[in-house]
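Report on the following structure.
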Ligand SMILES: *Cc1c(COP(=O)(O)O)cnc(C)c1O
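In the working numbering, the protein residues as written are 2 to 380.
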């Protein structure tokens, strides 16, 4: 560790060194075990990880895949969503949510968000549904469950498939029940920065539906159930055995890691309740939040100034998301399509959070935000 006199050490947006250090011996043994076995594709770790995630969530099937994006694509294919279909989702998400819809030949239709939680707004979903709508993709953004009590009846009334995008919400709950167990299927990502992160890409589809699981297993292996008897145009979308071995080491610790993130999220909420000019993201009573991100809204056009000040102070930040998906060049829809998402994109800033982040580091972040807003100090 190097120290610079007069300057605090850099504080990254995400620091997983502590987690890796704590599990170092187990991770090493797991990876070396795979190397020694010589079994790198679809081996015992993938199978065991699928069973362990299915048991953790309480679902019948877990199908390990290459990425969260593939999980979305394969889930939509398995549901029979394709050309001519519309899929309603949020524009305030990572691009992949909508990209998957386009990749299967369907059209993403963007609803809008609740300005306080930044999650999909059920009212706006009602307005977005047309006779062509086949499916709904709620995203449990930043680790907080969407309002499923209001969304699921809308889906049921309109005969829509529900695919939960759980990429940011491993372990999160809605009314005491794990997210990913409400829709027809759920898509998960094990990208390294996600709450349950691999040492590379990874993803999973989970479902209680035997047909969806069967289709997903077929599609991930080039559309074949039996080797060299391909029955559909599929994908090469398997989770690597080494990644499965790493994830199996981390899975037993996910609840403790999420609990630590929750403590950190609440601490920020308390700190920022004393800072003028910012709005914390609302947390709903029905949600057990897992704080994949901690995201603030900075009011009065001061967001970029706050970000610049934090960067100058050595504090890592990120704008999730600077442009709502419908406004990205890939879609190019007009402004006004989703006004709440467009307004949020101008104000949001995500701050350092990870399991075990020190209280003093969070206080330093809050002080830096308050100083950037001109107050100089916290009230
Ligand atoms: C990360 C993410 C994805 C994509 O997952 P990958 O594993 O990176 O393909 C999809 N949706 C959301 C909301 C995400 O955050």
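Cβ atoms here follow ideal geometry from the backbone N, Cα and C, with glycine treated the same way. Everything numeric in this text was worked out from a predicted model, so none of it was measured.
Counting along the chain, the unbroken alpha helix (DSSP H) around residue 362 starts and ends at 360 to 373. Distance from the Cα of residue 150 is smallest, within the candidate group 128, 184 and 134, for 184. Relative to ligand 1, the nearest heavy atom lies less than 7 Å away from the CB of residue 195.
Burial of residue 295 is indicated by the presence of at least 16 other C-beta atoms within 10 angstroms of its C-beta. Remark: C-beta atoms of residue 107 and residue 186 do not approach each other more closely than 8 Å.
Less than 8 Å separates the beta-carbon of residue 266 from that of residue 292.
Cβ-Cβ distances below 6 Å link residue 102 to 88 and 109 in the same chain, with the five nearest sequence neighbours on each side left out; the list follows chain order. Under DSSP, residue 190 forms a beta bridge with 204. Residue 94 has its CB nearer than 7 Å to a heavy atom of ligand 1. Between ligand 1 and the CB of residue 233, the shortest heavy atom gap is not smaller than 7 Å. Boundaries for residue 122: no beta strand (DSSP E) harbours it, and the DSSP string shows neither H nor E there. Short note on residue 296: C-beta not closer than 7 Å to any heavy atom of ligand 1. Across the structure, residue 163 and residue 9 are spaced so that their CA atoms are roughly 47 Å apart.
For residue 192, the shortest separation between its Cβ and any heavy atom of ligand 1 lies below 7 Å. At a Cβ-Cβ threshold of 8 Å, residue 99 and residue 145 do not count as neighbours.
Here DSSP, grouped into helix, strand and coil, assigns residue 179 to strand.
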